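Take a look at the structure below.
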Amino acid sequence: MNLPQRLVLFSLILGLAPKNYLELGTARGGSALIVQKAIQCLGNPDFQGACIDVSFSRISPEHKTDLERHFRFIEASISVSSIIRAHRAIGDFEIVLIDALHDIDNARFDAMTVFPFVRPGGVILFDDANYFEVRDAIREIVTILPVEDCGYLSRHGGQDAAPLRPENDRWRGEEIIWGGLYMLRKKLGSPSASEAKSGPLPGKFVVPSRKY
Ligand SMILES: C[S@@+](CC[C@H](N)C(=O)[O-])C[C@H]1O[C@@H](n2cnc3c(N)ncnc32)[C@H](O)[C@@H]1O
Numbered sequence: 028m029n030l031p032q033r034l035v036l037f038s039l040i041l042g043l044a045p046k047n048y049l050e051l052g053t054a055r056g057g058s059a060l061i062v063q064k065a066i067q068c069l070g071n072p073d074f075q076g077a078c079i080d081v082s083f084s085r086i087s088p089e090h091k092t093d094l095e096r097h098f099r100f101i102e103a104s105i106s107v108s109s110i111i112r113a114h115r116a117i118g119d120f121e122i123v124l125i126d127a128l129h130d131i132d133n134a135r136f137d138a139m140t141v142f143p144f145v146r147p148g149g150v151i152l153f154d155d156a157n158y159f160e161v162r163d164a165i166r167e168i169v170t171i172l173p174v175e176d177c178g179y180l181s182r183h184g185g186q187d188a189a190p191l192r193p194e195n196d197r198w199r200g201e202e203i204i205w206g207g208l209y210m211l212r213k214k215l216g217s218p219s220a221s222e223a224k225s226g227p228l229p230g231k232f233v234v235p236s237r238k239y
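This is the structure we're talking about:
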């Protein structure tokens with residue numbers, strides 16, 4: 028994350044003082060550490076975080092020990108089952124950061140899969156929303172899911188040193204710009220997983236398997 032995004036994430040956590048937070052894609056722990064710092068500033072010992080990533084081996088031992096005070100690490104691919112594990116651990120999610128694979132199918136899958144487990148009024152953040160595949164996933168999601176489109180919290184972005192331009196038909200010629208933090212809010216009155224006290228989850232929001 029670039030500096031404006033980090034500042035926005037820190038301020039959002041400070042401002043909303045969530046009881047919990049889920050991160051899809053943690054890598055070296057940069058965003059989780061920002062969330063943890065904000066929680067420490069709030070002095071909220073009951074906060075619970077969860078991170079899902081295929082590997083946490085890139086987090087330094089000191090940072091991992093620090094994060095383990097508040098965060099659970101679920102080393103798995105993002106799926107209904109790994110999200111259910113996080114949900115069992117920390118309850119309906121108040122804030123979710125989606126920052127894993129940035130192609131359109133995976134960005135859409137991650138949002139659709141986590142959505143039933145988000146608390147009504149809860150927040151879904153997308154990192155790298157400037158990137159056209161994430162941008163277009165968000166454009167689709169707002170037409171499918173009951174969310175308020177809160178727009179960009181940060182537009183700041185940048186390009187790779189030698190940016191490529193896509194050659195496929197859909198995005199041909201578009202510039203690859205990273206960065207951009209985007210926010211959706213689950214509408215109040217939408218169901219959450221823990222409200223479905225018996226029976227299946229709200230199936231129409233669940234994507235059972237990923238395209239690739
Ligand atoms: C952009 S990095 C996350 C950066 C981190 N949020 C930060 O700001 O410091 C993306 C991470 O997502 C993980 N990832 C990508 N696809 C995934 C998947 N399908 N399931 C779980 N983790 C995934 C990668 O292993 C990588 O660590």
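So in the numbering used here, the last spot in the sequence shown is 239, and the numbers never skip. Glycine residues also receive a C-beta, built at the ideal position from the N, C-alpha and C atoms. In this text the structure is predicted, and so the values were computed from the model without any measurement.
Could you give the residue range of the alpha helix (DSSP H) that holds D240? Nothing about residue 240 can be reported from this structure: the residues present for the chain run from 28 to 239 only.
Using a threshold of 8 Å, is the CB atom of A113 nearer than that to any non-hydrogen atom of ligand 1? Flag unset: Cβ of A113 not near ligand 1.
Any heavy atom of ligand 1 inside 8 Å of the beta-carbon of I131? No, since every heavy atom of ligand 1 falls outside the 8 Å radius drawn around the Cβ of I131.
Within 8 Å: the Cβ of E50 and any heavy atom of ligand 1? Result yes, Cβ under 8 Å from ligand 1.
Indicate whether the contact test is met: 3 or more Cβ pairs, each with one atom in the region 186 to 193 and one in the region 119 to 127, closer than 8 Å. The region 186 to 193, when compared against the region 119 to 127, does not touch it at the 8 Å Cβ threshold.
For ligand 1, any of its heavy atoms closer than 8 Å to the Cβ of V141? No, ligand 1 has no heavy atom inside 8 Å of this Cβ.
Select from C78, F142 and L51 the residue whose C-alpha is nearest the C-alpha of H4. Outside the shown range of the chain, which is 28 to 239, sits residue 4, and nothing can be said about it.
Which of the three DSSP states, helix, strand or coil, is assigned to H97? In the structure shown, H97 falls within a coil segment according to DSSP collapsed to helix, strand and coil.
Going along the chain, which unbroken runs of the beta strand (DSSP E) with 3 or more residues stay wholly within the region 77 to 139? Listed in chain order, they are 98 to 102 and 120 to 125.
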